[in-house]
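So the sequence shown is numbered by our numbering: it starts at 5 and just counts up by one.
Just so you know, even glycine gets a beta-carbon here, dropped at the ideal spot from N, CA and C.
Read the structure below first, then the notes.
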Amino acid sequence: EEEAEEGELEEDMKIWSLQTPENREVSLETLCETREAILAFRYVAPSAPSEINELAAQEDDTGFRQDTASGGTTPANDAPDRKLFGSRMGPRDRDAGRGARPRDNGRITSASSGSRAEPLPPPSATAYRVKDSHNAGDREADLRRSVQSLMNKVCPENVDTITSKILDTNVANTSELELVINLIIKKAYSEPHYCETYADLVFKLKRFMPEFPNPDGEGKPVSFKSTLLNCCQNEFDAMVTSPPDQPQEEWEGLDQEEVDFRKQQRKARTLANMKFIGHLFLRGLLTPKIISQVIQDLAMCDAGDTLPGEHVVECICELLNSIGYTLENMEGMPAGKKALTQVCGRLKDLKGRKDRNGRNVYSKRIQFQIQDLIDTRAAGWTKKVFKKAPKTKEEIRIEQDRDIRAQVTGKPTNDGASQVIAGARPTYMAAPGNPAGGDGGNWQEVSGPRVGRR
């Protein structure tokens, strides 16, 4: 049979006499090979299973359909069931759903086909709501948020800008005034490194903040300065009556590591308060009389054998390192220098105090702090510090130029330390129109029980 087929093929090839596009005859051998190659494709694909041959596409009965009763439009509350994704949809259905998603009162529904959409759950208590500018609670929250945002952006370079933006909040009553001051003080206590910047801020705000009538109906009006000093005095009185390491009720049930962290936070806040008070004095918001009374009461100069606590002595050293030079060299204010001499003598006496067993009453750390303060005063309140104070861009540029000149001349460059005068006034306070002192506000005396040690 194969020989017969080959014979027939040869006869066919002779009759057809095929030629290539180049007008060349094709050999019989080439045609046979081509034919065999083409016929080999018959065995590539096996026979398909019966299931595939019988497969037919049909529409699901629960698939998305148009509502013919309503004129061929899709009901507003019937959306395609996402579980039937991929089900066949007619051309009209596909066109109807294109470009318009079913909504229910402005809300996209997600209910299954054939049933009405379930309502969305009610908004949570913390969900965003449109604020009512006439609501007192919303006004307080907006003011707090605005001032807190400005406090996060303050730096020595933009104090004037932050001042103007705080004034733009239009403080309208004493409660709002107290809220603004508390936010500034809280920020100053949490960032003692920027105490000078926050003191500059309140010094500028004092000149423009409005005064309000006294709520009691009598006495002086409530001003920015009086409210500021009242807040500082409240913090000062709490420090005197409650040492930072004194156990608190809210510490019950906490582990020792958390308790130590809370104590450290209270101590840092106390020292920051003393530093902030010192910078208020340097800017004329506290008089020498008041600051002298503060340091004398802290040192218990008239208490005899009653000794102040270690945290109180540490606060005295922090305060005097912030105001010492100005307090001692103020012209026409001999009370400040007299109080400083008395307090330094008291500290020198406390440094050598011993108990009945012959041991030092104060720890070595406190003794070294007292000695450092005495040495700083003996050196004219000039000391070497390694902490970088906040600076403006101009101050940084001047410092960089100074270092470059030192390198050119072969002089040793700055090793990270700088010589400062402890307790010097800001340079802008020497300008005309800035008084050296103030009226003292409401902080006319330092009250509160004295807590010490024997």
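Next on the checklist: List, from N- to C-terminal side, the alpha helix (DSSP H) runs of 4 residues or more that fit wholly inside the region 327-409.
Outcome noted: Within the region 327-409, the complete alpha helix (DSSP H) segments at least 4 residues long are 338-355 and 368-382, listed from N- to C-terminus.
Item to check | Cβ pair Ile320, Gly282 closer than 8 angstroms | outcome: It is not a contact, given that the beta carbons lie outside the stated cut-off.
Checklist entry - Measuring CB to CB, does Val206 end up less than 8 angstroms from Ile188? => result One thing to note: Val206 has its Cβ within 8 angstroms of the Cβ of Ile188.
Item to check | Cβ separation of Phe2 and Leu181, assumed to be a contact under 8 angstroms, to the nearest whole Å | outcome: The requested residue 2 is not part of the displayed model; the chain covers only 5 to 458.
Checklist entry - Pro292 and Met243: beta carbons closer than 8 angstroms? => result Contact: no.
Checklist entry - Roughly how many whole angstroms lie between the Cα atoms of Glu7 and Ser54? => result C-alpha separation (whole angstroms): 38 angstroms.
Checklist entry - Per DSSP, Gln423 is paired with what? => result The beta-bridge partner set that DSSP reports for Gln423 consists of Lys388.
Next on the checklist: I need the straight-line Cα distance from Thr386 to Thr380, nearest angstrom please.
Outcome noted: C-alpha separation (whole angstroms): 6 angstroms.
Item to check | Entirely enclosed alpha helix (DSSP H) segments - the region 191-256, minimum 4 residues | outcome: For the alpha helix (DSSP H) assignment, the uninterrupted runs of no fewer than 4 residues enclosed by the region 191-256 are, from N- to C-terminal side, 199-210 and 228-245.
Checklist entry - What are the boundary residues of the alpha helix (DSSP H) that includes Gly282? => result Where Gly282 is concerned, the enclosing alpha helix (DSSP H) stretches over Gln260 to Leu286.
Checklist entry - Are the beta-carbon atoms of Leu147 and Thr173 separated by less than 8 angstroms? => result In contact: Leu147 and Thr173 (Cβ atoms closer than 8 angstroms).
Item to check | CA-to-CA distance, Val347 to Val226, given in whole angstroms | outcome: Cα atoms of Val226 and Val347: separation of roughly 33 angstroms, rounded to the nearest angstrom.
Next on the checklist: Would you call the region 402-418 in contact with the region 303-310, where contact means no fewer than 3 C-beta pairs closer than 8 angstroms?
Outcome noted: These segments do not touch.
Checklist entry - On the three-state DSSP scale, how would you describe Leu311? => result Residue state, collapsed to three classes: strand.
Checklist entry - Is DSSP giving Tyr432 helix, strand or coil here? => result Helix.
Item to check | Nearest-angstrom beta carbon gap, Gln300 and Ala343 [assumed within contact, 8 angstroms] | outcome: 6 angstroms between Cβ atoms; contact.
Checklist entry - Where do the N-terminal and C-terminal ends of the alpha helix (DSSP H) with Glu33 fall, by residue? => result Counting along the chain, the alpha helix (DSSP H) containing Glu33 begins and ends at Leu32 to Leu43.
Item to check | Chain-order list of residues whose beta-carbon lies under 6 angstroms from that of Leu331 (same chain, five-residue window excluded) | outcome: Correct list, in chain order: Gly340 and Leu344.
Item to check | Assigned secondary structure, Met155 (DSSP; H/G/I helix, E/B strand, else coil) | outcome: Helix at Met155.
Checklist entry - For Tyr198, is the classification buried or exposed, using 16 other Cβ atoms within 10 angstroms of its Cβ as the cut-off for buried? => result By the Cβ-count criterion, Tyr198 is buried, with 16 or more other Cβ atoms from all chains shown falling within 10 Å of its own Cβ.
Item to check | Span of the alpha helix (DSSP H) around Asp164 | outcome: From DSSP, the alpha helix (DSSP H) with Asp164 extends over Val163 to Leu171.
Item to check | Range of the contiguous alpha helix (DSSP H) that encloses Val175 | outcome: Counted as a single uninterrupted DSSP element, the stretch harbouring Val175 is not any alpha helix (DSSP H), since DSSP gives it neither H nor E.
Item to check | Euclidean distance between Cα positions of Lys397 and Phe285 | outcome: Distance between the alpha carbons of Lys397 and Phe285: 26 angstroms.
Next on the checklist: For Met155 and Asp359, what's the separation of their Cα atoms in angstroms?
Outcome noted: Going from the Cα of Met155 to the Cα of Asp359 covers about 47 angstroms.
Checklist entry - Considering Pro292, what are the terminal residues of the alpha helix (DSSP H) in which it resides? => result Note, Pro292: alpha helix (DSSP H), Pro292 to Ala303.
Next on the checklist: Using only the alpha-carbon positions, how far apart do Asn277 and Gly414 sit?
Outcome noted: Answer to the nearest angstrom: the Cα atoms are 43 angstroms apart.
Item to check | Outcome for Leu1 when other beta-carbon atoms lying within 10 angstroms are tallied against a minimum of 16 | outcome: This structure leaves residue 1 out entirely; the chain is present only between 5 and 458.
Item to check | Alpha-carbon to alpha-carbon, Ala303 and Ile374 | outcome: Straight-line Cα distance between these residues: approximately 12 angstroms.
Item to check | Beta-carbon contacts of Thr178 that lie in its chain and below 7 angstroms, excluding the five residues immediately before and after | outcome: Sequence-distant Cβ neighbours of Thr178 in its own chain, meaning closer than 7 angstroms and more than five residues away, are Phe216, Pro219 and Val226.
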